Structures are given as structure tokens and as C-alpha cells.
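Residue numbers (the UniProt record's numbering): 1 to 269.
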């Protein structure tokens, strides 16, 4: 089984999450403390979601510490209000914190209700997750910005590789075929467009999906080992510089893919 942190919300916190869905709550800050998920801060609806967004979310973000923010949107479905899950993982956070929050996010989604979370956004800088960054996320998701001819060619190559690797491969024997979660798919597309140079994916056996473990805007090759767990399997895509390599969005780089499969302490390889 792929790595899950084992951290979850207890019955009291789970009840808080459920109550927020039916109340006048606009946003909740959820943090990991003492190996548990806790609701650290709650704010109320004051205006429209756009009017409330920066005012309610930005004060919850610490430049040193990760957190999750569940933000209630004004749109609705048959289940009630739609929500956005913002995973705040600042670059200054430790590798352990980054991986702990990445490996707990799927659990938070399940306990809150996957069906309620319409938008899923991960940010390392305030500009990634403020209102402008969130609207860029929406624009990119629902109406991708036009690419240059070179960008289209490179994106097509990677998208074909991703589609072939995750969806279109013909099994040569007994195999499992899992799709990407929305969060993982969004970061793979960000990678395809050159918006980040490192994407780490994992298999969530509980959901039978491939989920996002970690993404970085810019990571050097000598830092890969410190980001690779020794007790869990991961899939990694990274853009590495190379003078003789193909050009990727104007910079000489090449895409490297590898999977990390430890020989011990992992049930499914």
C-alpha cells in the first residue's frame, strides 16, 4: 500500500467539519497537531465568496507553517455548497512537514466529503492561493490559456506520455489501472505547462486513485533524494537542465520520470 500518514480527525473534529457544511461558516483552517487533524480557526460568511476570499484565507496562512483551508463557495450542488480545499505548503516548511501534509490530504478530503470539494489547490507562495491565484487556477482548469506553437508541441508530447502511462497502456499481464485525482491531474497539467519542475505522485489504495504527494516550483537534482521516502513507493516527474537536451518552454531541459519502490516496509510493489 502506498504511504498514508495515518493521521485523521477524531469524532469531535469530524463533527465540526460536518457542522460547518450546514452552518454560516465561510472558512476553516485545519492543521496537524499531536498526530491529529484539528480545526484551528473558523470564520463566518460576510459577503460573496470573492469578497470574503482574501479577507478570510490570507490571515490563516503562516509563511513558515503548512495548513489546510476549507473554503465554502457560493455555488451549490445536490449535496449543498461546493467547497475549495487549499493545501498551503510554504517553501520554507521542512521536507517532513511537506510530506506529512501531502500524505494526509486525501484523508482530510474523505473525512470532509470528496463529493463536496469542487476545487483543490496547492500553493507554496501567497500569490499561488490568493484570489488572483485562485482565479488563475479556475481559468487554467476550465479554459486553458492559449499556448505558443512550441509550447503546444511540448505539452502534447508530455500529455501523450501521461495519457499513455496512466490511462492508455495495454496491460501485458495482471495489472491495476488507476486514474488521477483532481489534485494530481491539476499538478500534472501545471508540470506539462512548465509551471513547476517536480511532481511526485503516489497510489492511494483506499480510493484506488493516483494522488499528488508533493510538487515543487523549482527543485535541484541534488535535492531529489531528500524528497524521496525510503518506506513508500512514489512516481516522480522532474525537469532537469541539459545543454544538449530539447527545449522546454524556452529553456534547455528534459523530462525525467522514475519510480521509487523500496525493497522493504511496503506491502504492495
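All C-beta atoms in this analysis are idealised placements derived from N, C-alpha and C, irrespective of residue type, glycine included.
These numbers come from a predicted model, not from an experiment.
Residue pairing by DSSP leaves residue 75 without any beta bridge partner. Between the alpha carbons of residue 92 and residue 65 lies a gap of roughly 8 angstroms.
In the structure shown, residue 94 adopts coil according to DSSP, grouped into three states. Under DSSP, residue 204 shares a beta bridge with 209. Nearest C-alpha to residue 48 among 260, 225, 81: 81.
In this structure, residue 37 places its C-beta atom within 8 angstroms of the C-beta atom of residue 108. The beta carbon of residue 79 sits closer than 8 angstroms to those of 113, 115, 116, all from its chain and outside the five residues before and after it, given in chain order. Where residue 194 is concerned, there is no enclosing beta strand (DSSP E), because DSSP gives it neither an H nor an E. By the Cβ rule, the segment 118-136 does not count as touching the segment 22-33, because fewer than three pairs are nearer than 8 angstroms. Under the DSSP definition of a beta bridge, residue 80 partners with 77.
Residue 119 has its alpha-carbon roughly 26 angstroms from the corresponding atom of residue 227. Scanning its chain for C-beta atoms nearer than 7 angstroms, with the 5 sequence neighbours on each side dropped, one finds around residue 10 the residues 36, in chain order.
Secondary structure of residue 222 (DSSP, three-state): helix. Residues 26, 45, 46 of the same chain have their beta carbon placed closer than 7 angstroms to that of residue 52, with the five preceding and five following residues left out of the count. Contact between residue 187 and residue 196 holds: CB atoms are separated by about 7 angstroms, below the 8 angstroms threshold.
Here the C-alpha atom of residue 22 lies approximately 33 angstroms from the C-alpha atom of residue 178.
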